[in-house]
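What follows is a single structure, written as structure tokens, with notes after it.
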Amino acid sequence: MRNKVVDMYQSGKGYTAISKALGLQRTTVRAIIHKWRKLGTVENLPRSGRPTKITPRAQQRLIQEVIKEPRTTSKEQQASRTSVKMTVCCRG
Numbered sequence: 001m002r003n004k005v006v007d008m009y010q011s012g013k014g015y016t017a018i019s020k021a022l023g024l025q026r027t028t029v030r031a032i033i034h035k036w037r038k039l040g041t042v043e044n045l046p047r048s049g050r051p052t053k054i055t056p057r058a059q060q061r062l063i064q065e066v067i068k069e070p071r072t073t074s075k076e077q078q079a080s081r082t083s084v085k086m087t088v089c090c091r092g
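Counting from 1, one number per residue, gives the positions in the sequence shown under UniProt numbering.
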């Protein structure tokens, strides 16, 4: 959707025309274009914060275990509650 906004803007359409064509708020269109002009991208950027402590390999193993046994607890998995929550929430 964001790329469509930028494409339409580059083709000469205004904020209002884009918002009506795509069914978005004008302020949303403006924010997308502002981000694109400032950063050169419309993709989600990494956010600040503490990095995860779980390795990608351990994360994959945890995901497989949770898929196999969804009612397992973090204690049974011997992983921190935060690691389990972040992994399960982010992976669906």
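Glycine included, each C-beta is placed from N, C-alpha and C at the ideal position.
Fill in: Where the alpha helix (DSSP H) through residue 67 begins and ends
Residues 56-68.
Worksheet item: What three-state label does DSSP hand residue 22 in the structure shown?
Response: helix
Discussion item. Excluding the 5 residues flanking residue 33 on each side, which residues of the same chain have their C-beta closer than 6 Å to its C-beta?
Written reply: 9
Practice prompt. With DSSP as the reference, label residue 53 as helix, strand or coil.
Written response: coil
Item to complete: Please classify residue 35: does DSSP put it in a helix, a strand, or coil?
Response: Correct three-state label for residue 35: helix.
Worksheet item: For residue 16, which residues of its own chain have a beta-carbon under 8 Å away from its beta-carbon, when the five flanking residues on both sides are left out?
Response: 26
Worksheet item: Residues in its own chain within less than 8 Å of residue 39 by CB, not counting five upstream and five downstream?
Response: Within the same chain, 45 come within 8 Å of residue 39 by CB-CB distance, once the 5 residues on both sides are set aside.
Worksheet item: Taking the Cβ atom as the reference point for each residue, do residue 65 and residue 72 lie within a distance shorter than 8 Å?
Response: yes
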